[in-house]
Amino acid sequence: MRASTWMALVLGALGACLGAALTQRQQDPKRTGGTTYAPANEVDKSAITPLSAVRAPTDVGEVAFDHVRTLTSFGPRYSGQPGWTKQLDHIEKTLKALGLEVRRDTWTDRKELITFSNVSAVIPGKRKERIVLACHHDTKCTQGHPDPANNFHFVGANDGASGVGLLLALAPVLLANPREASVELVFFDGEESLDWRWNDAARALFGSKRFVKKHREALLTGDEARIEALVLLDMVGRTDIHIQDETYSTKALRQIAWSAAVATGHEKHFFQRAEAASDDHMPFLEVGIPSVDLIDLNGNPHWHKPTDTIDNMSAASIQLIADVVLTMLPEVEKQYVLAKR
Ligand SMILES: [Zn+2]
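To get our numbering, take the position in the sequence shown, counting from 1, and add 37.
Below, the structure is given as structure tokens:
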């Protein structure tokens with residue numbers, strides 16, 4: 038075969054790759070790629086597990102909303118910003134006031150030279166095996182990007198603060214109702230991509246990657262009980278909230294989420310649309326930990342926009358997510374913790 042034929046073949050293959058990448062981006066420009074993990078199909082909405090609805094205390098949405106108001110008053114909350122430090126202190130202070138032991142894991146990424154902090158606290162159950170309830174606390178950096186359209190004041194009321202507010206509001210509820218499994222509340226740092234475009238392979242998900250790596254090491258040395266499942270909350274406070282059927286997430290956990298939405302009567306806010314979205318659950322999935330991401334990304338007009346403020350949020354939205362999470366927990370525990378013993 039002549040060199041020019043080889044060249045034509047190589048160029049042809051390259052063209053095909055680029056074409057495929059372009060098609061992928063055009064179809065789904067937001068939060069996929071950079072992972073070898075393949076999205077699965079939509080849930081079967083007719084396969085409903087009958088669950089007992091668990092209602093959150095009626096003020097949970099308001100309590101969470103108050104936290105969001107406080108956090109957004111701190112301004113931008115990515116590493117290096119004054120608001121980042123204030124937010125970490127607020128999370129820690131709120132959890133400590135409940136008598137919880139708080140772990141703050143601070144490290145500096147060697148390549149990016151950025152300091153990150155994950156915060157976590159375990160609500161002990163009868164067993165040490167854990168279900169992780171998590172969110173991210175960092176906000177998207179909206180300064181210094183080449184495109185001026187990406188530089189603006191951003192407080193991340195929904196994208197960041199809503200998940201933090203909900204976890205902080207759920208903490209006393211979970212403490213008052215201890216379960217068989219332990220429940221670990223985790224607030225990840227560095228979820229957002231440093232590049233404007235999503236780049237989870239190299240420049241996003243810093244906190245969750247670190248958390249999973251440390252967990253794996255602790256398992257090897259016998260210092261930690263296993264994490265059996267992850268329920269991730271991201272953007273859970275928009276007024277017109279819609280949690281998509283996120284198709285990277287473990288299907289059985291998505292079926293539980295759907296069943297909980299039906300049991301609580303909140304199904305119109307769930308799974309009307311399906312789309313894959315890379316998030317802090319990806320590092321967990323990569324090591325085989327069943328995970329579900331409850332995220333309102335698909336069709337969200339305020340995502341990474343100056344309009345992501347409390348004006349476009351409602352306590353009622355956070356409240357309904359609280360109902361669904363609390364209704365999910367006993368079934369997650371049954372399927373992923375109790376069934377193993
Ligand atoms: Zn974001």
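A virtual CB, placed ideally from N, CA and C, is assigned to each residue, including glycine.
{"Asked": "What residues sit near ligand 1, counting only those whose C-beta is closer than 6 angstroms to one of its heavy atoms, in chain order?", "Found": "Lys177, Asp196, Glu229, His341"}
{"Asked": "Pull up the CB-CB distance for Asp317 and His173, whole angstroms please, since I reckon it's below 8 angstroms.", "Found": "6 angstroms"}
{"Asked": "Could you check which residue in Asp142, Trp235, Ile358, Asp260 has the C-alpha nearest to that of His306?", "Found": "Ile358"}
{"Asked": "Quick check on the burial criterion: 16 or more other C-beta atoms within 10 angstroms. Buried or exposed for Phe189?", "Found": "exposed"}
{"Asked": "Check Thr176 in the structure and name its three-state DSSP category.", "Found": "coil"}
{"Asked": "What do you get for Leu150, buried or exposed, if any count of 16 or more other CB atoms within 10 angstroms of its CB means buried?", "Found": "exposed"}
{"Asked": "Provide the residue span of the alpha helix (DSSP H) that contains Thr107, from first to last.", "Found": "97-110"}
{"Asked": "Taking the beta carbon of Asp277 as the centre, do at least 16 other beta carbons fall within 10 Å, making it buried, or is it exposed?", "Found": "exposed"}
{"Asked": "Alpha carbon to alpha carbon, how far is His182 from Leu290? Give it in angstroms, no decimals.", "Found": "37 angstroms"}
{"Asked": "Which of helix, strand or coil does DSSP assign to Leu363?", "Found": "helix"}
{"Asked": "Give me the Cα-Cα distance between Glu322 and Ser199, rounded to the nearest whole angstrom.", "Found": "According to the sequence as given, residue 322 is Leu; it is not Glu. Roughly 23 angstroms separates the two Cα atoms."}
{"Asked": "What are the partner residues of Arg141, as DSSP defines its beta bridges?", "Found": "Val156"}
{"Asked": "Select from Glu265, His279, Ala93 the residue whose C-alpha is nearest the C-alpha of Leu375.", "Found": "Glu265"}
{"Asked": "Between which residues of its own chain and Ala352 is the CB-CB distance below 6 angstroms, once the five residues before and five after are set aside?", "Found": "Gly98, Glu99, Phe102"}
{"Asked": "Do Pro94 and Ile160 count as a contact pair if the criterion is CB distance below 9 angstroms?", "Found": "no"}
{"Asked": "Which residue wins for smallest C-alpha separation from His341, given the options Ala298, Ala262, Gln180, Glu368?", "Found": "Gln180"}
{"Asked": "At the level of alpha carbons, what is the spacing between Phe191 and Leu222?", "Found": "25 angstroms"}
{"Asked": "Mark Leu360 as exposed unless 16 or more other C-beta atoms lie within 10 angstroms of its C-beta, in which case mark it buried.", "Found": "At residue 360 the sequence reads Asp, which differs from the Leu that was named. With 16 or more Cβ atoms within 10 Å of its Cβ, Asp360 is classed as buried."}
{"Asked": "Can you list, in chain order, the residues of its chain whose CB lies under 6 angstroms from that of Glu283, leaving out five sequence neighbours each side?", "Found": "Ala314, Asp330, Ile332"}
{"Asked": "Per DSSP, what kind of secondary structure is Ser219 in: helix, strand or coil?", "Found": "strand"}
{"Asked": "Identify which residue in Lys177, Arg147, Ala238, Lys130 has its Cα closest to the Cα of Gln118.", "Found": "Lys177"}
{"Asked": "Going by DSSP, name the residue or residues bridged to Ala255.", "Found": "According to DSSP, Ala255 bridges with nothing at all."}
{"Asked": "Using only CA atoms, which one of Phe224, Met319, Ala194 lies nearest to Asn236?", "Found": "Met319"}
{"Asked": "With respect to 8 angstroms, is the separation between the Cβ of Pro209 and the closest non-hydrogen atom of ligand 3 below this value?", "Found": "With respect to small molecules bound, the structure shown includes ligand 1 and not ligand 3."}
{"Asked": "Ordered along the chain, which non-local residues of its own chain (more than five positions away) have a Cβ less than 6 angstroms from that of Asn335?", "Found": "Gln281, Arg310, Glu312"}
{"Asked": "For Ala213, does the count of other Cβ atoms within 10 angstroms reach 16, so buried, or fall short, so exposed?", "Found": "exposed"}
{"Asked": "Considering only DSSP beta bridges, list what Leu125 is partnered with.", "Found": "Answer is none; Leu125 lacks a bridge partner."}
{"Asked": "Just to check my reading of the structure: Met350 and Ala294 have Cβ atoms closer than 8 angstroms, yes? What is that Cβ distance to the nearest angstrom?", "Found": "The pair is not a contact, with the Cβ atoms about 21 angstroms apart (cut-off 8 angstroms)."}
{"Asked": "Excluding the 5 residues preceding and the 5 following Glu217 in the sequence, name in chain order all residues of the same chain whose CB lies nearer than 7 angstroms to its CB.", "Found": "Gly162, Lys163, Arg164, Glu370, Val374, Leu375"}
{"Asked": "For a test of the three-state rule: what should DSSP assign to Glu79, helix, strand or coil?", "Found": "coil"}
{"Asked": "For Ile328, write down the residues that DSSP places opposite it in a beta bridge.", "Found": "Looking at the sequence shown, residue 328 is not Ile but Ser. Paired residue(s): Leu267."}
{"Asked": "Could you say which of Ser219, Asp96, Glu368 lies nearest to Ala298 if we only look at CA atoms?", "Found": "Glu368"}
{"Asked": "Please list, in chain order, all residues of the same chain as Arg167 whose beta carbon is under 8 angstroms from its beta carbon, the five residues on each side excluded.", "Found": "Val159, Ala218, Ser219, Val220, Glu221, Ala262, Arg263, Ile264, Glu265"}
{"Asked": "How about Gln292 and Val80: are their beta carbons less than 9 angstroms apart?", "Found": "yes"}
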